[in-house]
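Have a look at the structure below, then the notes.
Residue numbers (our numbering), protein chains in the order written: chain U, 52 to 969; chain A, 471 to 855.
The structure is reproduced here in structure tokens:
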């Protein structure tokens, strides 16, 4: 009861003395000053004075602070006014963060160059050791001030622009820290951070150029973080939790393109093979490049015929395997081809239209003659590339917001979306750290900042604005695939996961920017030539050993970083396909930067990951050594459940049955883990129990095709008042939560004690048939020939397509010589066939999408429409893969060529599969 | 008796006179099983890391104890699941294949090390050069009392089909510690593309002084078959030159790259592509010269480096040369004939000329008494874009 009252008080803004309170930090006014109080770990630092500052870039001086801080009407506000400007900031709670929303008004008749910011001075009981400036590596605090001025980081050659920092900055000890920043993806062209160890001051600021009479809005964040599992990681996680809308993909979980695997040109360079697309779980494609002239996606007639600076390439595959050569091809032919192919394959395979490097590169003659106002001449990054996106063009950098180029570029995207019925766009070079200073900076555009050379806008502001524009073309239905640290729905990491030097260089910053959004690797897979320079001398056994270990590293990295691999490392390697169902589930729950696990010294798990939150959490541990290890794992419930006094109950994540004993002690859940060598060990939560303090719980799960359940048996605990929150399971619906056999409502208050048993039951949304019944169905006879028939209602074209898709499965297996010469399953519309035990029936027009058993023993697939029936058919085929375990063998791919495969005598072969999740 | 004393004395004299310029060799290891051979000829000491692709990994000018290469840093990082990461710092001279990734770390097998007072050499080979089905054989040789390293590199096609490849000669050095060198590139004017590749176009033939950081990567069409590097401060002396006669073939180009974060500045020659049938071979002769007293060069004539300083044409030799004559020209007009005495390796000779003939924007030419000619083009310094 006391705790409930306390929590209520903590979680609301107090009316009596206005303060802004989150579970771990409080902002209040005291003696006309602002203070942050550390509610999480007050022994590390108790409070920090938070004071604003303003630097005038034209007068080149700090404006003496004359700030009014008030805490009336239940709000904390800050007000500062001079003759020239008025600056008001209102503070509120945003999950774990304090959010400051500022309004800056230029009252003067001239443009102002201002740099507002905040300084936090915390009373650390021990001197902080580390400063985080927003980039990926921590900096050790010595005697000198540490600063980061501006957002330009290291040049990233593959996207021809620099790294940019995360929107935060912090100072920390090993236990606790304080952080300041702005809201991620806000239009900020210049930010600065610093820590002065002598003064003990952390500072963060943004620069703005404000037109006369203009009103600007700026946002700030401040917070305290537990640094025990990584201070920057904790600060980043607070950003994710506080602003989920920034990290949610367009269309959410229903987005059909971003949650699977990226095709990596497999549907662009060749005619798409439906069975390959299914087996590799391909859901989108990076269509590089679907136009002739860089900067002219529409292919305007007056711009079609020109002489590029480099020769045209010989025929190259595009548009699903068409061998394209521009010389001799008329504009009309090209446009017709493009339209035909996009209408045929675009939405089906998620062909995201590559849009001229996010509109930041344009063919040089076109840019200089038609869009001279748009040129970006910041030489800190390349401004001219002599062979870039098209290969035949020299391209110069242009600015895609507010310029003449931007106007055409955006209009073109709109027209193309309509003409080609596009599922979305692919934005290459989607980064910042490049300043535009052209004529458009005089306009009223977001992100105007200043330096000694005058006003500029960073490229990142323009691209984020462009992403918003793309999403607005068809709200909820346009996907953006971005190669860079900016907004978008699917993020590309353009390196292979085996390139360790690049991984270390680019991580964790690249992944912090990607956040909970799905992320894919677009490198050259095995990079076998680089990784094994003496590959010609390797035997088959050595090849399998090397590739097998590299594959395990990829899988471990996938679960650690939430970055997909693609088909180029999956062919010949069944393990990478085997793990996909688990990986997709974790990916959809949302990757976390913070992994609040402590491992016993006996556990060796250099790879670890965390997804989701609360009762929908997943954890990963990877032991990369040859020997198995075991020991205790301790989960910090407060950090993972994001609330106090709530224990998470954890079980090993397996496909059939699992059991794990949990020991709850205050804030922590402890459980024992055995980590076999080179096996990704996954754990999932089954429920959250609020009110649990000290108890033991035997947690178990049982999973079938058509239903799942979990149970928790309590012991070693005194009776306590609790609320139970069961987990969600994608593709399943909770049918009931029970306590000792009696129904219990989720979240209802109940008394729990030793001996109690909680059970959660779920049924599949899709499968209304058992695995046993499905596996006994006579798809083929003993000779491997098809022995079933298909039923399609007369006139149901969607059902007919579903049946054809089903037959594609066997056609493919026949082509791979896995099955003998098979004729397709016969299709009938005869109603009486529905009584047979060997019939598979397809139908559209249903209320829901299900696979169920027919009374006669056959199988029924019913879906709402043709598209969903095809997806449903693929779900059936995924299950049938267990009966027909064809493994795609090694084949020549980027990073592993034919010669390498033949040298190791691995043509037609594959690595063994290890079913470690069964 | 007197004769014996005389001859003994002569022997002692000869021995003493020769001791400073006798060749020697020693062997070290820069990592477990990664040998490095150290050769000295009295004037220079070089290192050859046979365990790392036979890189010439060290070059020291002994009279000044001047190291011209950054030390080779080699380490092997072991991983649980990935192949070992072998890190060798970018330094020294190595051979690669253009278009194939930089794998300058594969071992070469040493077949022979020869040491005698007059010369010393090492012969190595690798069966799969740069991971390709090409055998490569390398010989590195120095002679006593010279400032010259001779590298002979032979490739043999072991593919059953025709193989086309371009040898890529890569040299990274540092004349002045902790500062970026100027790379001297003899560039042919009026060319904007070589083998389909865009190159930095010059209006006329020049020696291009590449140092400005704005041009991170520079590609140029070759005017002469050498590249040099010198201090960029215009004060410190010492010029290192790399040459290969093949550089005047079609499709060859020079390449230079600067690191944006440290003084690393490479000098690279991409040699013309050659097509080799099965078991066909091609041999390249590459030489490194060091001219310790030249601030730069404008020409490499035989083993002589030639530069122009205010009021002087300056010569220095990498080997001992006998006396000879030289005529200098400005355009077609002879500006003087000169008798050059015999010069030892590293001995500099200055020819006084009218200062009107010694600016950066003046080109001269010369002809030796054996009719061999050379050109001293204008200098073009890299500027901001």
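Glycine residues also receive a C-beta, built at the ideal position from the N, C-alpha and C atoms.
Using a Cβ cut-off of 8 Å (strictly closer), state whether residue i contacts chain U.
i, result
"residue 576 (chain A)", "yes"
"residue 505 (chain A)", "no"
"residue 479 (chain A)", "For residue 479 (chain A), the pLDDT reaches just 43, beneath the cut-off of 50, and the residue's location in the model is therefore unreliable, although a value from the coordinates is still provided. No, because no Cβ of chain U sits closer than 8 Å to the Cβ of residue 479 (chain A)."
"residue 552 (chain A)", "yes"
"residue 502 (chain A)", "no"
"residue 668 (chain A)", "yes"
Quick one: grab the DSSP three-state call for residue i.
i, result
"residue 518 (chain U)", "helix"
"residue 933 (chain U)", "coil"
"residue 209 (chain U)", "helix"
"residue 482 (chain A)", "Note that residue 482 (chain A) has pLDDT 45, beneath the 50 cutoff, so the model's placement of it is unreliable and the number below is only indicative. In this structure, residue 482 (chain A) counts as helix in the three-state DSSP scheme."
"residue 837 (chain A)", "strand"
"residue 138 (chain U)", "strand"
"residue 855 (chain A)", "Low confidence applies here, because residue 855 (chain A) scores a pLDDT of 42, under 50, leaving its location unreliable and the question unanswered by this model."
"residue 632 (chain U)", "helix"
"residue 616 (chain A)", "coil"
"residue 103 (chain U)", "strand"
Are residue i and residue j closer than 8 Å when you measure CB to CB?
i, j, result
"residue 520 (chain A)", "residue 505 (chain A)", "yes"
"residue 644 (chain U)", "residue 166 (chain U)", "no"
"residue 252 (chain U)", "residue 172 (chain U)", "yes"
"residue 544 (chain U)", "residue 573 (chain U)", "yes"
"residue 508 (chain U)", "residue 492 (chain U)", "yes"
"residue 683 (chain U)", "residue 726 (chain U)", "no"
"residue 543 (chain A)", "residue 529 (chain A)", "no"
"residue 432 (chain U)", "residue 690 (chain U)", "no"
Any beta carbon from chain A within less than 8 Å of residue i's own beta carbon?
i, result
"residue 962 (chain U)", "no"
"residue 583 (chain U)", "yes"
"residue 248 (chain U)", "no"
"residue 362 (chain U)", "yes"
"residue 430 (chain U)", "yes"
"residue 271 (chain U)", "no"
"residue 495 (chain U)", "no"
"residue 437 (chain U)", "yes"
"residue 751 (chain U)", "no"
Which term fits residue i, buried or exposed, when burial requires 16 or more other beta carbons within 10 angstroms of its beta carbon?
i, result
"residue 957 (chain U)", "buried"
"residue 225 (chain U)", "exposed"
"residue 249 (chain U)", "exposed"
"residue 289 (chain U)", "buried"
"residue 178 (chain U)", "exposed"
"residue 233 (chain U)", "buried"
"residue 562 (chain U)", "buried"
"residue 911 (chain U)", "buried"
"residue 237 (chain U)", "buried"
"residue 647 (chain U)", "buried"
"residue 850 (chain U)", "buried"
"residue 52 (chain U)", "Confidence at residue 52 (chain U) is low in this model, with a pLDDT of 46, below 50, so the placement of that residue should be treated as unreliable; the coordinate-derived value is given next. With fewer than 16 Cβ atoms within 10 Å of its Cβ, residue 52 (chain U) is classed as exposed."
"residue 258 (chain U)", "buried"
Taking only heavy atoms of the ligand SAM into account, decide whether any of them is closer than 7 Å to the Cβ of residue i.
i, result
"residue 231 (chain U)", "Of ligands this structure carries none, so the ligand SAM is not represented either."
Mind the definition here: the stretch 761 to 773 of chain A touches the stretch 699 to 711 of chain A only if three or more C-beta pairs lie below 8 Å; say whether that holds.
yes
Tell me whether the stretch 328 to 345 of chain U and the stretch 300 to 313 of chain U touch, counting them as touching only if at least three CB pairs, one residue from each stretch, are closer than 8 Å.
yes
Would you be able to state if there are at least three C-beta pairs under 8 Å between the stretch 792 to 811 of chain U and the stretch 766 to 778 of chain U?
yes
Would you be able to state if there are at least three C-beta pairs under 8 Å between the stretch 267 to 284 of chain U and the stretch 297 to 307 of chain U?
no
Report yes or no: do the stretch 536 to 552 of chain A and the stretch 640 to 647 of chain A share at least 3 C-beta pairs separated by less than 8 Å?
yes
Would the stretch 395 to 412 of chain U count as touching the stretch 475 to 492 of chain U if we require 3 or more Cβ pairs under 8 Å?
yes
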